[in-house]
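Asks: Sharing a structure with you now.
Numbering (the numbering used here), first residue to last: 2 to 96.
In structure tokens form, the structure reads like this:
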């Protein structure tokens, strides 16, 4: 019955729905019918967009750094170093 308002309330950046532009009056009505909860607002604030090839970086622990250094020191040829580099670029910690 109110599916259009429901969709508009859940997708705040929606511009067109069912080949019709979303109007400001519809947005206001959608907010009245389906008030957004705190969790939805929190999700909107966070940037959870997946971008291929981009890895969210984090700080390594001292133990992880030690493992990486040991793996590099124990590498016997250039191919092994290349493999370690690819693992690190992919966000993996060599074991």
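Every residue gets a Cβ at the ideal spot worked out from N, C-alpha and C, and that includes glycine.
Bear in mind the structure is a predicted one, so any value in this text is a computation, not a measurement.
Does the Cβ of residue 10 have 16 or more other Cβ atoms within 10 Å, making it buried, or fewer, making it exposed?
Replies: buried
Asks: List the DSSP bridge partners of residue 67.
Replies: When DSSP reads this structure, residue 67 sits in no beta bridge, so it has no partner.
Asks: When DSSP builds the beta bridges, which residues end up paired with residue 21?
Replies: 18
Asks: Let me confirm a value: residue 64 is counted as buried when at least 16 other C-beta atoms fall within 10 Å, else exposed. Which label applies?
Replies: exposed
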